[in-house]
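**Q** Have a look at this one before I ask anything.
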Amino acid sequence: MARHYDVIVVGLGAMGSAALYQASRSGANILGIDRYQPPHTLGSSHGDTRITRAAIGEGECYVPLVQRSGEIWRELESASGSTLFHRSGGLIIAPPSSNATFHGEGDFVEASARVATRHGIAHEIIDAEEIKRRHPLLKPREIDRAYYEPGAGVLRPERCISTQLEQARQAGATIQTGEKATGYQASAEGVTVTTERGAYYADKLILSAGAWMGDLAPEAYRAGLRVCRQVIYWFEADDIGLFDPEVFPWVIWIGDTLEDFWSSFPAPRDGLSGVKLVTEQYHTTTRPDEVSREVTAEERDDMYYRLTRPRIDGLRDKLIRAEVCMYTVTPDEHFVIDFHPESERVIIASPCSGHGFKHSAAVGETLAQLALDGETEFDISSFGLARLISPH
Ligand SMILES: Cc1cc2nc3c(=O)[nH]c(=O)nc-3n(C[C@H](O)[C@H](O)[C@H](O)COP(=O)(O)OP(=O)(O)OC[C@H]3O[C@@H](n4cnc5c(N)ncnc54)[C@H](O)[C@@H]3O)c2cc1C
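Read the sequence shown against our numbering and you will find it ends at 377, with the numbers running on by one and no gaps.
Right, dumping it as structure tokens:
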């Protein structure tokens, strides 16, 4: 007779590992299933570092999530002895009249400053001269200005995931990896999850399958979850010490058009070698099992010659490593966290659109609350599924 669980979590990446950890702390009977071996490099949560900031220009509803996530990362650091966060400060550099929107917001410098002011988050707006004075490797244009947040930094995504999985395991959760969920059926009595190996039963199911949510979300909502391929590059530095988080902030570079977005990252001493750079694109959609993981010479040259070299000194024309990662993007670039339209036993979680990681610890808490209590203390009213269906 198969065991009955209180909650099953399908997908144990950033969101699922956090949900598993939070649900397991309640003493409930929890099962986590992943098709691969998380943390892995095939989804949306790899690449050594993720930006985090407190003033969330994407919207004020995210501020409680990022604040609570910061508390959880600190709890996890003390419980595990592992460093999950490096404070580096962060700069969002943009011209005052950019035509480009970033994560759905027009003037992201202004939007971030507004949220920071309302929530008492330390920040400054500085001009191009001041950016160069503080960070001589950076070469903003004369017209650029920046939002600077001194308390911002980078998270270590693989460690966050493995730490939460380990803590969940210690709290009694069962974790099955290398097992793909193929379907689920909810009824008045419970939920049945089928996998390549068999069937499992539970009171509640959390679906947090990242870029593969299109395989599991209700049919009518799938088109609202576009998967966009992104590339992460690591270039060799003249002196890697100059990119240490203690002296080098992350930078979100917002140029004049959608083609000009990219970010540069500080390089933690115990991280992957080289300096990480990431582009963002939203125009080409892919399927997660068909995504091209090959990074072309054209892509590499565009990153180095067009975007990076005019803006950062100290990086050599030598690519050390490149990886492909995926954004799951909704039409308004906000999260999805909601009950399945046909059954409150199933919770759908697609909190990505390229900005999910910094919130993932608290998203896990939200998901665990929804599954165990049927409600959450966090305001998720902007994250409903219904908005994924566009009016015809
Ligand atoms: C290049 C890049 C840079 C980013 N930078 C930032 C940043 O700086 N700051 C920030 O806050 N956010 C950032 N993000 C966004 C953030 O990383 C994502 O929002 C977040 O990691 C998504 O987590 P997830 O749990 O939804 O997906 P994932 O972590 O990919 O987890 C999904 C899991 O589901 C599993 N799965 C899928 N289908 C099945 C199935 N059928 N059965 C069982 N298991 C299944 C997969 O194996 C996977 O482990 C970035 C994303 C990318 C790609």
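All C-beta atoms in this analysis are idealised placements derived from N, C-alpha and C, irrespective of residue type, glycine included.
Taking three-plus beta-carbon pairs below 8 angstroms as touching, is the stretch 183 to 197 in contact with the stretch 325 to 332?
**A** Taking 8 angstroms as the limit for Cβ pairs, the verdict is that the stretch 325 to 332 does touch the stretch 183 to 197.
**Q** Inspect the CB distances between the stretch 283 to 303 and the stretch 27 to 45 and report whether three or more fall short of 8 angstroms.
**A** Too few Cβ pairs lie closer than 8 angstroms, so no.
**Q** Which ranges does the alpha helix (DSSP H) cover as unbroken runs of at least 4 residues, wholly within the stretch -3 to 65, from first to last along the chain?
**A** Taking only runs of at least 4 residues, the alpha helix (DSSP H) segments lying wholly in the stretch -3 to 65 are -1 to 9 and 48 to 65.
**Q** Between Thr180 and Tyr21, how many whole angstroms is the CB-CB distance? I'm expecting something under 8 angstroms.
**A** With 8 angstroms as the limit, Thr180 and Tyr21 do not qualify as a contact, their Cβ atoms being about 13 angstroms apart.
**Q** How about Pro49: is its Cβ closer than 7 angstroms to a heavy atom in ligand 1?
**A** Incorrect: Pro49 has no Cβ contact closer than 7 angstroms to ligand 1.
**Q** With burial defined as no fewer than 16 other Cβ atoms inside 10 Å of the residue's Cβ, what is the status of Glu283: buried or exposed?
**A** That one is exposed.
**Q** Tell me which residues share the same chain as Gly199 and place their Cβ nearer than 6 angstroms to its Cβ, disregarding the 5 neighbours each side in the sequence.
**A** Excluding positions up to five away in sequence, the list reads Arg207 and Leu210.
**Q** Within 7 angstroms: the Cβ of Thr271 and any heavy atom of ligand 3?
**A** Because ligand 3 does not appear in the structure shown, any question about it cannot be addressed here, the ligands present being ligand 1.
**Q** Among residues of its own chain, excluding the 5 on either side of Ala356, which ones have a beta-carbon nearer than 7 angstroms to its beta-carbon?
**A** Closer than 7 angstroms at Cβ, skipping near neighbours: Val(-8), Ala8, Lys189, Ile191 and Ile332.
**Q** When DSSP labels each residue in this structure, what does Ile365 get in the three-state scheme?
**A** Ile365 falls in the coil class under three-state DSSP.
**Q** Leaving aside the five residues before and after His377 along the sequence, list all residues of the same chain whose C-beta is less than 7 angstroms from its C-beta, in chain order.
**A** Since pLDDT at His377 reaches only 45, below the 50 mark, its modelled position is unreliable, and no value is offered.
**Q** Please return the same chain residues whose Cβ sits closer than 7 angstroms to the Cβ of Asp129, not counting the five positions on each side in sequence.
**A** Excluding residues within five positions, the ones whose Cβ falls inside 7 angstroms are Ile78, Ala79, Pro80 and Ala113.
**Q** Tell me the rounded alpha-carbon separation between Ala64 and Arg182.
**A** The straight-line gap from Cα to Cα measures roughly 34 angstroms.
**Q** Determine which residues share a DSSP beta bridge with Glu134 and list them.
**A** According to DSSP, Glu134 bridges with Gly75.
**Q** Taking only the alpha-carbon atoms, compute the straight-line gap between Lys303 and Phe220 and give it to the nearest angstrom.
**A** When rounded, the distance between both Cα atoms is 6 angstroms.
**Q** In angstroms with no decimal places, state the Cα-to-Cα distance between Ala107 and Gly(-4).
**A** Roughly 36 angstroms between the two C-alpha positions.
**Q** Over the uninterrupted beta strand (DSSP E) stretch that includes Phe324, give me the two end residues.
**A** Note, Phe324: beta strand (DSSP E), Val321 to His325.
**Q** In chain order, what residues of the same chain have a beta carbon less than 6 angstroms from the beta carbon of Pro135, not counting five sequence neighbours either side?
**A** The answer, listed in chain order, is Gly74 and Ala107.
**Q** Report the option in Ala171, Cys310 and Tyr169 whose CA atom is closest to the CA atom of Ile217.
**A** The residue with the shortest Cα to Cα distance from Ile217 is Cys310.
**Q** Can at least three beta-carbon pairs, one atom from the stretch 133 to 151 and one from the stretch 22 to 36, be found at a separation below 8 angstroms?
**A** Yes: the two stretches touch, three or more of their Cβ pairs being nearer than 8 angstroms.
**Q** Assign Gln266 to one of two classes, buried (16 or more other C-beta atoms within 10 Å of its C-beta) or exposed (fewer than that).
**A** Counting Cβ neighbours within 10 Å, Gln266 comes out exposed, since fewer than 16 surround it.
**Q** Can you give me the start and stop residues for the alpha helix (DSSP H) that Ile146 sits inside?
**A** Per DSSP, Ile146 belongs to the alpha helix (DSSP H) from Pro142 to Gln155.
**Q** Determine the direct distance from the alpha carbon of Met0 to that of Ser366, and round the result to whole angstroms.
**A** One C-alpha to the other measures close to 18 angstroms.
**Q** In angstroms with no decimal places, state the Cα-to-Cα distance between Val236 and Leu69.
**A** Going from the Cα of Val236 to the Cα of Leu69 covers about 19 angstroms.
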